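Engineer:
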Amino acid sequence: MTAPGNPNDRYGSDVLSGDWRSAGRVKPAQVPAERGLVLELADSGFVGALVRMQGRTVELEDRHGKVRVFPVGSAFLVDGAPVVLVPAAKQPQSATALRTASGSVAASTPQPARVARASRIFVEGRHDAELVEKVWGADLRGEGVVVEYLEGVDHLAEVLREFRPGAGRRVGVLVDHLVAGSKESRITQGLQGENVLIVGHPFIDVWQSVKPARLGIDAWPTIPRSVEWKHGICAAFGWPHDDQADIAAAWQRILSRVRSYQDLEPALLGRVEELIDFVTRD
Numbered sequence: 000m001t002a003p004g005n006p007n008d009r010y011g012s013d014v015l016s017g018d019w020r021s022a023g024r025v026k027p028a029q030v031p032a033e034r035g036l037v038l039e040l041a042d043s044g045f046v047g048a049l050v051r052m053q054g055r056t057v058e059l060e061d062r063h064g065k066v067r068v069f070p071v072g073s074a075f076l077v078d079g080a081p082v083v084l085v086p087a088a089k090q091p092q093s094a095t096a097l098r099t100a101s102g103s104v105a106a107s108t109p110q111p112a113r114v115a116r117a118s119r120i121f122v123e124g125r126h127d128a129e130l131v132e133k134v135w136g137a138d139l140r141g142e143g144v145v146v147e148y149l150e151g152v153d154h155l156a157e158v159l160r161e162f163r164p165g166a167g168r169r170v171g172v173l174v175d176h177l178v179a180g181s182k183e184s185r186i187t188q189g190l191q192g193e194n195v196l197i198v199g200h201p202f203i204d205v206w207q208s209v210k211p212a213r214l215g216i217d218a219w220p221t222i223p224r225s226v227e228w229k230h231g232i233c234a235a236f237g238w239p240h241d242d243q244a245d246i247a248a249a250w251q252r253i254l255s256r257v258r259s260y261q262d263l264e265p266a267l268l269g270r271v272e273e274l275i276d277f278v279t280r281d
């Protein structure tokens with residue numbers, strides 16, 4: 000008789016002992032149920048951003064703004080990999096106050112309002128200004144920098160003449176779709192100077208600077224040149240786009256998905272930081 004533990008013992012252990020059914024299986028990763036997390040349902044292919052997790056249910060909002068409720072135990076995927084949702088940890092107040100939305104270190108105690116500088120940052124439109132405010136607002140207020148919008152880059156030369164940039168009165172300008180050969184590149188040519196910095200991003204509109212994943216899509220839709228871009232985007236998403244009120248509502252839906260600089264493309268982040276540095280340089 001072979002002694003227990005002998006490597007030659009073919010029957011010395013119970014082959015059915017232990018969790019033999021799960022042998023070789025990879026356990027899904029546990030993911031905190033944070034607002035805005037983009038999830039896919041493995042069975043139906045439904046994709047939505049997490050609105051909230053309450054009790055044993057999860058609420059997801061699809062790209063059309065419709066909210067659906069699913070059991071917590073549903074087969075969720077993140078980037079194609081199965082996950083198990085767990086409640087998001089509540090961070091202490093002191094930890095959440097360490098960084099602003101732009102990633103800058105926040106002041107540990109409330110600071111008095113700073114008098115606005117003479118220098119300014121100009122952006123093309125209201126949507127650009129709202130996005131800059133949401134991400135960099137705390138930094139700009141701390142530096143005393145005012146952001147104004149031009150209502151189109153076509154008026155830039157006139158605005159600069161009226162503003163009269165000079166020492167201690169710098170102007171930074173953020174331009175949409177500033178690429179070689181574009182209308183914007185022709186308009187801004189020759190307008191830069193010692194106290195004027197014009198930078199731009201490659202996106203047709205600032206909407207595109209929001210990472211597609213934040214909207215539950217792989218990439219922004221391609222819109223034919225014959226179609227007004229924002230109307231085309233709304234049509235592609237199935238959103239109303241009959242008038243400017245519809246366009247404004249669509250932008251607010253997109254803006255609501257932006258939580259911090261991490262939700263924006265680097266091509267925009269670097270340009271805004273460059274402008275802030277320029278207008279706050281002593």
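Each residue of the sequence shown is one higher than the one before, counting from 0 in numbering that gives the first Met the number 0.
Ideal Cβ placement from N, Cα and C applies to all residues, glycine included.
Since the model is a prediction, treat every value here as computed from it, not as a measurement.
So if DSSP puts V257 in a beta bridge, which residue, or which two residues, is it bridged to?
Structural biologist: Answer by DSSP bridge pairing: none, since V257 is not bridged.
Engineer: Evaluate the contact criterion for the region 197–215 versus the region 29–38: three or more CB pairs, one atom per stretch, below 8 Å.
Structural biologist: With a cut-off of 8 Å, the region 29–38 and the region 197–215 count as touching, because enough Cβ pairs lie within range.
Engineer: Identify whether V37 lies in helix, strand or coil by the three-state DSSP scheme.
Structural biologist: Here V37 sits in strand by DSSP.
Engineer: In the structure shown, what three-state DSSP assignment does F202 receive?
Structural biologist: Reduced to three states, the DSSP call for F202 is coil.
Engineer: Where do the N-terminal and C-terminal ends of the alpha helix (DSSP H) with L177 fall, by residue?
Structural biologist: Note, L177: premise wrong, no alpha helix (DSSP H); not H, not E.
Engineer: Name the DSSP beta bridge partners of E58, please?
Structural biologist: BP columns for E58 point to R51, V68.
Engineer: Could you give the DSSP three-state label for A249: helix, strand or coil?
Structural biologist: A249: helix per DSSP, three-state reduction.
Engineer: Work out the CA separation of A235 and D242 for me, nearest whole Å.
Structural biologist: Computed Cα separation, rounded: 16 Å.
Engineer: Whole-angstrom Cβ separation of P27 and V82, contact assumed at under 8 Å?
Structural biologist: Yes, they are in contact, since the Cβ atoms of P27 and V82 sit about 5 Å apart, within 8 Å.
Engineer: Roughly how many whole angstroms lie between the Cα atoms of V30 and R280?
Structural biologist: C-alpha separation (whole angstroms): 42 Å.
Engineer: Evaluate E129 with the Cβ neighbour count: other Cβ atoms within 10 Å of its Cβ, from every protein chain shown; 16 or more gives buried, anything less gives exposed.
Structural biologist: Per the 10 Å Cβ criterion, buried.
Engineer: From what residue to what residue does the beta strand (DSSP E) around E147 run?
Structural biologist: Run containing E147: 145–148, per the beta strand (DSSP E) assignment.
Engineer: Taking 8 Å as the limit between beta carbons, can you name the residues of its chain near Q207, skipping five residues before and five after?
Structural biologist: These residues qualify, in order along the chain: W219, E264.
Engineer: Taking the alpha carbon of A74 as the point to measure from, which residue in S43, E183, V152, F121 has its own alpha carbon closest?
Structural biologist: Closest by alpha carbon: S43.
Engineer: I need the DSSP call for L190, collapsed to helix, strand or coil.
Structural biologist: Coil at L190, not helix or strand.
Engineer: Should D175 and D153 be called a contact, given that it needs their Cβ atoms to be closer than 7 Å?
Structural biologist: No, these two residues do not count as a Cβ contact at 7 Å.
Engineer: Decide if E60 is buried, meaning its Cβ has at least 16 other Cβ atoms within 10 Å, or exposed.
Structural biologist: Flag for E60 reads buried.
Engineer: Quick check: what's the CA-CA separation for D78 versus E193?
Structural biologist: One C-alpha to the other measures close to 46 Å.
Engineer: Let me check one thing: in DSSP terms, what residues is A28 bridge-paired to?
Structural biologist: DSSP lists V82 as partners of A28.
Engineer: If you draw a straight line from the C-alpha of R140 to the C-alpha of P70, how long is it?
Structural biologist: Going by the C-alpha atoms only, they are around 43 Å apart.
Engineer: Specify, as a first and last residue, the run of the alpha helix (DSSP H) that F75 falls within.
Structural biologist: It is not in any alpha helix (DSSP H) - F75 instead sits in the beta strand (DSSP E) that spans 75–77.
Engineer: Grab me the residues of A266's own chain with a C-beta within less than 8 Å of its C-beta, minus the 5 sequence neighbours each way, in chain order.
Structural biologist: For A266, where only same-chain residues beyond five positions count, the Cβ hits under 8 Å are H200, P201, F202, S208.
Engineer: Going by the CB atoms, is the gap between V145 and A100 shorter than 7 Å?
Structural biologist: No. Outside cutoff.
Engineer: Is V172 helix, strand or coil by DSSP?
Structural biologist: Three-state result, V172: strand.
Engineer: State buried or exposed for R270, treating a residue as buried only when at least 16 other CB atoms are found within 10 Å of its CB.
Structural biologist: Buried: at least 16 other Cβ atoms inside 10 Å.
Engineer: Evaluate S255 with the Cβ neighbour count: other Cβ atoms within 10 Å of its Cβ, from every protein chain shown; 16 or more gives buried, anything less gives exposed.
Structural biologist: By the 10 Å Cβ count, S255 comes out exposed.
Engineer: Residues bridged to V122 by DSSP?
Structural biologist: V122 is bridged to Y148, L173.
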